[in-house]
Amino acid sequence: LLNNGYDSLVKEDEGSFVFDGYWGSLDYQLYNEDLFEKVKKFEKIQYNSFESLGLDYNLDFGRPSTWFDGSVPYRFSDHDPLVTTVKL
Numbered sequence: 095l096l097n098n099g100y101d102s103l104v105k106e107d108e109g110s111f112v113f114d115g116y117w118g119s120l121d122y123q124l125y126n127e128d129l130f131e132k133v134k135k136f137e138k139i140q141y142n143s144f145e146s147l148g149l150d151y152n153l154d155f156g157r158p159s160t161w162f163d164g165s166v167p168y169r170f171s172d173h174d175p176l177v178t179t180v181k182l
């Protein structure tokens, strides 16, 4: 796609998750020249991708259930979501 007129709003050096010491990006938003003119705002919302394992949102790897607090909004994902505002 990148060789056919599309580009990414996410830069190569911006990670959206960390797992087992590695970081990368799970989410991509691609655009072409016509769509880019309509993009009004783009942001990566950093919720918790770089949080300590002690604050993790799930029970993987034998974490005790007392660590999990599903009532806080920042524990709903293990990566940072992308939000784009487009005026059509």
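For the sequence shown, position 44 matches number 138 in this note's numbering, and the numbering has no gaps at all. For each residue, glycine too, the CB sits at the ideal point set by N, CA and C.
Euclidean distance between Cα positions of residue i and residue j
| i | j | result |
| --- | --- | --- |
| Trp117 | Glu131 | 30 Å |
| Gly99 | Thr160 | 49 Å |
| Ser110 | Leu182 | 27 Å |
| Asn97 | Ser165 | 44 Å |
| Lys135 | Leu176 | 11 Å |
| Leu153 | Asp128 | 44 Å |
| Arg157 | Asp121 | 26 Å |
| Gly115 | Tyr125 | 30 Å |
Inter-residue CB distance, residue i and residue j (contact presumed, cutoff 8 Å)
| i | j | result |
| --- | --- | --- |
| Thr178 | Gln123 | 6 Å |
| Glu108 | Ser119 | 7 Å |
Beta-bridge partners of residue i, as assigned by DSSP
| i | result |
| --- | --- |
| Phe130 | Answer is none; Phe130 lacks a bridge partner. |
| Asp101 | Tyr125 |
| Thr179 | Lys135 |
| Gly118 | Phe111 |
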